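Report on the following structure.
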Amino acid sequence: MDPLAPLLDLADVAPALSEARDRVDAAMRHRALRRHGGQVAAEASLRAAVASAALEGNVHELDDVRGGTVTDPVVQGALRVAEGVGGLVDLWPRAPRQVLAKLHVLAARGVVPPADLGRLTGGAERVDMLAGLVAGNDRTPPLLLAAVVHAELITLRPFAGPAGVVARAAARLTIISRGLDPRGLVAVEVGHQAREPEYVGSAGAYATGTPDGVRSWLRHYAAAVTVAADEITKIGDEVLATV
Numbered sequence: 005m006d007p008l009a010p011l012l013d014l015a016d017v018a019p020a021l022s023e024a025r026d027r028v029d030a031a032m033r034h035r036a037l038r039r040h041g042g043q044v045a046a047e048a049s050l051r052a053a054v055a056s057a058a059l060e061g062n063v064h065e066l067d068d069v070r071g072g073t074v075t076d077p078v079v080q081g082a083l084r085v086a087e088g089v090g091g092l093v094d095l096w097p098r099a100p101r102q103v104l105a106k107l108h109v110l111a112a113r114g115v116v117p118p119a120d121l122g123r124l125t126g127g128a129e130r131v132d133m134l135a136g137l138v139a140g141n142d143r144t145p146p147l148l149l150a151a152v153v154h155a156e157l158i159t160l161r162p163f164a165g166p167a168g169v170v171a172r173a174a175a176r177l178t179i180i181s182r183g184l185d186p187r188g189l190v191a192v193e194v195g196h197q198a199r200e201p202e203y204v205g206s207a208g209a210y211a212t213g214t215p216d217g218v219r220s221w222l223r224h225y226a227a228a229v230t231v232a233a234d235e236i237t238k239i240g241d242e243v244l245a246t247v
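Counted from 1, the sequence shown has number 117 at position 113 by this note's numbering; the numbering is strictly sequential.
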């Protein structure tokens, strides 16, 4: 049985996640993806990285990052993570602890001492529980699992430095590896940044462990995915306007 199934019984959670998935499915039919899917994916990845760094407090203009003028180590780490996600998709459901360590190495190089890269600073038992939930789990709906992965890691912050970048990347890996977003187009980080006060507040609510707190987070996650789906359409339109 799905261990997270009871969360779908929380008020409005199942409909919100279903609507978000429908919005993603609709965005995946954008005509730009037929011939320019790689270009759309590259731009979505860039925007995800810039948004993820901004959520860590390192805010830079998208065009400046695109132009290569930003040397901020957190931004550079987020870019490395975005580039490295594709190579970790198959490993994530088999060895999640190993992938989390790799994500931290990518995200935190140049930010934390080399000896701390890939090493947990706390929360090992709960990280092990989360890894057990991810490994081989083909029962939990992808968005629900991704939301829980993200919330657990953002609550624990088990790595030094930009642990939020790791949390957001792990959630993105979840929706990619579970087949909801096989091309890596859904930049949920953009949705989190667009609704940042809600993101911060609902993450704090989740950390309380109450049903209302968990519900608040899951509803936020669905809303952020919806924003990300709309971003695919926006990027697709922009790509078509330039070809």
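Where a beta carbon is used, it is the ideal one built from N, C-alpha and C, also for glycine. Fair warning: this is a prediction, and the values are worked out from it, not measured in the lab.
Check: Chain B beta carbons: is any one of them nearer than 8 Å to that of Ala-31?; Outcome: Here there is only one protein chain, and chain B is not present.
Check: What is the rounded straight-line gap between the Cα of Val-78 and the Cα of Arg-113?; Outcome: 9 Å
Check: Does the segment 178-186 come within contact of the segment 145-153, defined as at least 3 CB pairs closer than 8 Å?; Outcome: yes
Check: Does the distance from the C-beta atom of Glu-235 to that of Arg-51 stay below 8 Å?; Outcome: yes
Check: Measuring straight from C-alpha to C-alpha, what distance separates His-108 and Gly-122?; Outcome: 5 Å
Check: Measuring alpha carbon to alpha carbon, tell me which residue in Ala-139, Arg-101, Asp-142 and Gly-136 is nearest Leu-124.; Outcome: Arg-101
Check: Helix, strand or coil for Arg-33? Go by DSSP, reduced to three states.; Outcome: coil
Check: Can you tell me whether Glu-60 is buried or exposed? The criterion is at least 16 other CB atoms within 10 Å of its CB, across all chains shown.; Outcome: buried
Check: May I ask which residues mark the beginning and end of the alpha helix (DSSP H) holding Trp-221?; Outcome: 215-246
Check: Quick check on Arg-25: does DSSP put it in helix, strand or coil?; Outcome: helix
Check: Determine the DSSP secondary structure at Arg-113, reduced to helix, strand or coil.; Outcome: strand
Check: Residues in its own chain within less than 6 Å of Ala-211 by CB, not counting five upstream and five downstream?; Outcome: Thr-159
Check: So within the segment 27-95, which uninterrupted beta strand (DSSP E) runs reach at least 3 residues, ignoring any that extend past its ends?; Outcome: none
Check: What first and last residue would you give for the alpha helix (DSSP H) that runs through Asp-185?; Outcome: Per DSSP, Asp-185 belongs to no alpha helix (DSSP H) and is neither H nor E.
Check: How far does the alpha helix (DSSP H) with Pro-166 in it extend, from its first residue to its last?; Outcome: That residue, Pro-166, is in no alpha helix (DSSP H); it is neither H nor E in DSSP.
Check: Return helix, strand or coil for Thr-125, following the three-state DSSP convention.; Outcome: coil
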